[in-house]
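Below is one structure; the comments refer to it alone.
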Amino acid sequence: MKQPFRNFSGIAAAMPAPNINTDAIIPAAYLRTANADLGKGLFGMLRYDDAGNEKPDFVLNQPPFREAEILFAGENFGCGSSREAAAWALKQFGMRCVFAPSFADIFYENAFRNGLLAGKVAPDALARMVAQAGGATPLFAVDLAAGHVTHADGERMAFEIAPARRDALLRGDDEIDMTLAHRAEIAAFHSAGLAERPWLHAPLARKA
Amino acid sequence: MLRRAATIMTASRPVTLFEKIWLGHLVKSLDDGRDLIFVDRHILQETTSAIAFAGLTRTGRSVLHPEMTIATQDHIVSTEPGRDETTNPQGRELLTLMRHNAYRNRIRHFGVDDPRQGIVHVIGPELGVALPGCVLVCGDSHTSTAGGLGALGIGIGTSEVEHVLATQTLALTRPKTMRITYEGKLQPGTSAKDLILRAIGLFGIAAGQGHAIEYAGEAIAGLPVEARLTICNMSIEIGARLGLIAPDDKTFAYVAGREFAPEGAVLDHALAHWRTLYSAPGARFDKEYTVDCSRIAPQVTWGTTQQDVVGVDDRVPRVDSFPDAARREMAAAAMAYMGVEPGMALEGLPVDVAFIGSCTNARLSDLEAAAAIAKGGKVAPGVRAMVVPGSMSVKRAAEAKGLHEIFRQAGFEWRDAGCSMCVSINEDIVPPGRRAIATSNRNFENRQGPRSRTHLASPAMVAAAALAGHITDIRKADQP
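Listed in order, the protein sequences are those of chains A and B.
For the record, in the first sequence the residue sitting at position 174 is 175 according to my numbering, with numbers rising by one throughout.
For the record, in the second sequence the residue sitting at position 130 is 161 according to my numbering, with numbers rising by one throughout.
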């Protein structure tokens with residue numbers, strides 16, 4: 002079991018540029034070890050100068066947003082490399098959800114498998130939320146079961162997530178356990194393939 | 032299962048190549064609407080597998096089919112000739128973990144000490160591990176490369192690597208279908224790299240999101256197999272996790288005789304199946320695009336996404352030429368980062384680094400194209416030019432043809448195989464603020480090192496820029 006997703010209220014930060022890629026989310030320099038501090042590396046090249054000091058104008062370096070748990074992002078968020086460290090970095094920083102008009106395919110899967118809610122939203126609704134996140138009270142409530150985010154002043158934005166995905170997040174399903182429930186069918190499929198397409202199902206073997 | 036897939040196919044409409052392979056690997060449709068897909072081949076690399084193995088250990092699970100899995104070391108390895116696991120000290124931890132995890136789980140490991148070592152997407156086809164009609168996965172976004180053989184190559188995250196290790200399956204939402212048809216013939220001076228960059232320029236980096244792309248048309252059918260691998264390699268850069276090309280006699284000839292490819296009666300059996308791998312006439316695609324090859328010049332990127340691309344004889348666009356405000360803002364930011372101006376000619380732009388390598392363009396034919404330009408020339412003063420073969424096998428084949436002598440005499444570094452300056456997670460880095468022209472696949476900000484500036488182009492174009500010291504048009508007679 003993974004941690005079930007719980008509704009919460011938290012600070013939202015806005016990075017509304019489109020096409021924020023996974024190299025930007027977690028630069029390669031933080032991927033050289035299996036135990037890097039990925040939360041520190043989140044948006045590393047945008048967040049720190051060459052000497053490693055925080056850039057004061059970057060949103061996550063500013064007081065309320067250092068505690069951000071929600072990210073409002075532009076379209077095609079998470080494009081580029083398959084590095085799951087992008088999802089891990091967001092989680093380790095403290096992010097619990099990202100809302101964007103669209104997500105790159107691999108990032109979307111990676112987010113889901115780490116209990117990071119990736120909610121698809123309408124661009125105009127997002128623009129209003131981005132404005133609220135830049136206002137006096139960047140505080141929002143996330144309700145996964147109901148499928149909406151509500152600003153402290155009451156303005157609400159719906160987000161889209163497949164019902165099965167929503168339920169899996171709410172339960173904290175472990176994907177591997179779910180699949181292993183079908184282990185007999187997987188074994189049968191593999192056995193049938195030994196006769197039907199031995200070039201794929203027989204063990205990889207070197208030529209004699 | 033093939034029978035079941037055949038039933039599904041004959042019962043309904045004409046199906047696409049992608050659907051044939053997908054349905055042939057469907058273990059079952061899941062209650063949540065996703066499909067459970069059987070994985071025939073799993074390739075591991077050191078930077079995206081360590082945490083997957085740690086997950087298996089933590090949960091007490093084991094590797095279900097180690098005999099369908101191979102591993103290599105490619106991302107963080109040093110490419111210094113004669114290197115070993117310790118040459119790049121920063122890589123030791125992940126390289127050691129890869130070797131140990133493979134050994135403990137009885138997985139074949141082609142590490143830096145093995146003559147078969149190389150970039151995952153180069154060695155998969157080269158060893159006959161990737162085959163037409165197979166489902167091949169790897170923890171790397173360029174796994175779609177295998178689509179050049181008519182395979183479903185699926186790039187996955189580390190949790191999915193763990194999932195495949197434990198179950199030999201993936202639970203996936205079935206992608207929609209998309210076809211890009213290249214009409215007309217490839218023009219002189221252009222290559223597969225130019226075809227795919229042009230498509231990204233025309234349709235944008237998110238056009239393929241949620242789709243599996245089939246590349247088709249006269250120009251694609253005319254391409255050699257290695258060039259098809261280049262096209263499919265960059266599917267992720269147009270937003271698609273999957274891209275493939277129908278296999279044909281060229282594909283079958285490429286595959287036969289490779290180390291892990293079927294032979295004898297099994298090969299005959301396989302060939303009979305492989306000959307059914309094409310999109311049925313009348314098959315419908317959810318999205319259709321066409322590209323006119325007669326209008327493609329050698330492509331060079333000017334910005335920080337691959338859709339920021341023009342012909343080398345063209346100019347950096349005017350910011351106000353983009354219809355929407357968001358794109359104008361992005362273009363202006365990209366130009367500022369890259370140090371280029373609207374309306375500036377790309378030809379003549381000086382470069383500091385020329386990189387020939389990566390899973391996109393480091394196969395033998397790529398090195399031959401670059402060597403044909405480099406032959407008898409000299410790398411311009413002040414330019415660091417390097418050739419990093421995609422695998423040690425490519426390196427040996429190139430040396431057998433004397434390409435290494437051509438490159439060395441011209442002043443190029445001739446290195447050992449690895450991802451190198453494409454992902455710059457090892458020590459091969461473009462210095463801050465410097466400008467590189469590269470045969471790789473990503474021109475993102477900071478991709479080749481902090482504040483590096485990257486122009487993507489074909490191997491011949493990169494070799495020509497290395498000699499000239501600036502971006503240059505290989506079609507012009509006064510080439511150096």
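Glycine is no exception: its CB is placed at the ideal position from the N, C-alpha and C atoms.
Please read all numbers here as calculations on a predicted model, not as lab measurements.
In whole angstroms, what is the alpha-carbon distance linking residue 180 of chain A and residue 370 of chain B? 50 Å
Taking 7 Å as the limit between beta carbons, can you name the residues of its chain near residue 86 of chain B, skipping five residues before and five after? 193
Less than 8 Å between CB atoms is the rule here; does residue 397 of chain B satisfy it with respect to chain A? no
Under a three-way DSSP split, which group does residue 256 of chain B fall into? helix
Collapsed DSSP secondary structure at residue 217 of chain B in the structure displayed: coil
Would you say residue 84 of chain A and residue 21 of chain A are within 8 Å of each other, going by their C-beta atoms? no
Consider the Cβ of residue 201 of chain A: report whether some Cβ of chain B lies at a distance smaller than 8 Å. yes
State the CB to CB distance for the pair residue 131 of chain A and residue 112 of chain A, rounded to an integer number of angstroms; the pair is presumed to be in contact (CB under 8 Å). Between residue 112 of chain A and residue 131 of chain A the Cβ distance is about 20 Å, and since that is not below 8 Å, they are no contact.
Pair within 8 Å by beta-carbon distance, residue 470 of chain B and residue 451 of chain B: no
So the alpha helix (DSSP H) residue 320 of chain B belongs to, where does it begin and stop? No alpha helix (DSSP H) holds residue 320 of chain B; the beta strand (DSSP E) holding it covers 318-323.
Segment limits, beta strand (DSSP E) that includes residue 285 of chain B: Here residue 285 of chain B belongs to no beta strand (DSSP E); instead the alpha helix (DSSP H) covers 280-286.
Name, please, each residue of chain A whose Cβ falls closer than 8 Å to the Cβ of residue 272 of chain B. 106, 107
Going along the segment 355-368 of chain B in order, which residues come within less than 9 Å of chain A, judged by CB to CB distance? 357, 358, 360, 361, 364
Taking the continuous alpha helix (DSSP H) assigned at residue 197 of chain A, which residues delimit it? 184-197
Please compile the residues from chain A whose C-beta is within a distance smaller than 8 Å of the C-beta of residue 293 of chain B. 199, 200
When you compare only the Cα positions, how much space is there between residue 485 of chain B and residue 43 of chain A? 23 Å
In this structure, how does DSSP classify residue 505 of chain B when only helix, strand and coil are distinguished? coil
C-beta neighbour in chain A for residue 101 of chain B, strict 8 Å: yes
Just to confirm, are residue 74 of chain B and residue 189 of chain B a CB contact at a threshold of 8 Å? no
Rounded to whole angstroms, what is the Cα-Cα separation between residue 511 of chain B and residue 59 of chain B? Residue confidence is low: residue 511 of chain B scores 48 on pLDDT, short of 50, so the model does not pin down where it sits. Its coordinate-derived value is still stated next. Computed Cα separation, rounded: 59 Å.
Between the segment 216-234 of chain B and chain A, which residues of the former have CB atoms less than 9 Å from a CB of the latter, in chain order? none
When we look at the beta-carbon of residue 214 of chain B and count the other beta-carbons within 10 Å, is it buried (16 or more) or exposed? exposed
Could you tell me which chain B residues have their CB closer than 9 Å to the CB of residue 51 of chain A, listed as they occur along the chain? 463, 481, 482
Which of helix, strand or coil DSSP assigns to residue 299 of chain B: helix
Is it true that the segment 304-319 of chain B meets the segment 204-222 of chain B, where meeting means three or more beta-carbon pairs spaced less than 8 Å apart? yes
Can you tell me whether residue 90 of chain B is buried or exposed, with buried defined as 16 or more other CB within 10 angstroms of its CB? exposed
If you run the structure through DSSP and keep just helix, strand and coil, what is residue 172 of chain B? helix
Start and end of the alpha helix (DSSP H) containing residue 289 of chain B? Run containing residue 289 of chain B: none; DSSP gives neither H nor E here.
For residue 165 of chain B and residue 48 of chain B, I'd like the C-alpha separation in whole angstroms. 12 Å
Residue 90 of chain B in three-state terms, based on DSSP: helix
Quick check on residue 56 of chain B: does DSSP put it in helix, strand or coil? coil
Is the separation between the beta-carbon of residue 163 of chain A and that of residue 480 of chain B shorter than 8 Å? no
Are there three or more Cβ pairs, one per stretch, closer than 8 Å when the segment 224-241 of chain B is compared with the segment 100-120 of chain B? no
Output the boundary residues of the alpha helix (DSSP H) element that contains residue 436 of chain B. 434-441
Please say whether residue 474 of chain B and residue 261 of chain B have beta carbons closer to each other than 8 Å? no
Opposite residue 144 of chain A in the DSSP bridges: which residues? A/149
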